[in-house]
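Visitor:
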Amino acid sequence: MSQDDNLFFYCNENKFEKECNSFEMSLMQSQSFVDSGNNTLVTSSNNSSTKLQEASEALMQQKYENEQLKQQLQHERGKNEEIVENLLQELKNKSERVFKLSVQNAQLKQGRKDLSNGKESSKELSKIREAVIRANESLDSLRSEKEVLEPKHSSLVQEKKTFQQTCSAPPKKSFISNILTRCKNLKEPLKEIKTQMSQYAQMMDTNFNGLRVHIRGMYLKSK
């Protein structure tokens, strides 16, 4: 190997070493940059996790506070409803007391008016009592008449039923013939009764005329 070759090789070796050193420095800078980036990412991730945890805790705290407020509002609403219900009940009781007092006042006024007209009221009451007594007596009399008439009514109802049944039944020839025979047999007694009645009428007229003449004669004698 000649001296020129050695010089060339030496120069190239130095150049390569410089390039290697430069490349190594670049790698070290790149590694440092990567490490710095990783640290930044880790720090950012930790910060994000911390912020997320803080936000979650704040949200839970807000939710708890909202629940507490909701329960407090429900409690206050229940108290208000109870107060309103008590007020309404008290108002109702007062209105009932006012109504009772007004009725009592009207009764007192009517009582005073009745006391001022006591004599007339007592007379009217006695009349009413007498009317009630008479009405009770009439009712007792009507009840007695009803008790007497009820058996008669039931008997008449039974007779009516029997008569209706008899009328609704088809007539028998023997029954009709018996009725006709009785009618024929009654003609002669009826004639005799008429004759006797006419005789009695004539006798009454004769006796009446004689009595009238006798009374007239006695009247003339008394003069």
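Here the sequence shown is numbered in numbering that gives the first Met the number 0, starting from 0 and rising by one per residue.
Think of the CB as a built atom: it goes at the ideal place given N, C-alpha and C, for glycine as much as any other residue.
These figures come from a predicted structure and were not determined experimentally.
(1) Just how far apart, CA to CA, sit residue 160 and residue 133?
(2) What's the C-alpha gap between residue 89 and residue 65?
(3) I need the straight-line Cα distance from residue 92 to residue 126, nearest angstrom please.
(4) What is the rounded straight-line gap between the Cα of residue 196 and the Cα of residue 202?
(5) To the nearest angstrom, report how far apart residue 87 and residue 71 are at their CA atoms.
Guide: A quick look at the data gives this:
(1) 39 Å
(2) 36 Å
(3) 43 Å
(4) 10 Å
(5) 24 Å
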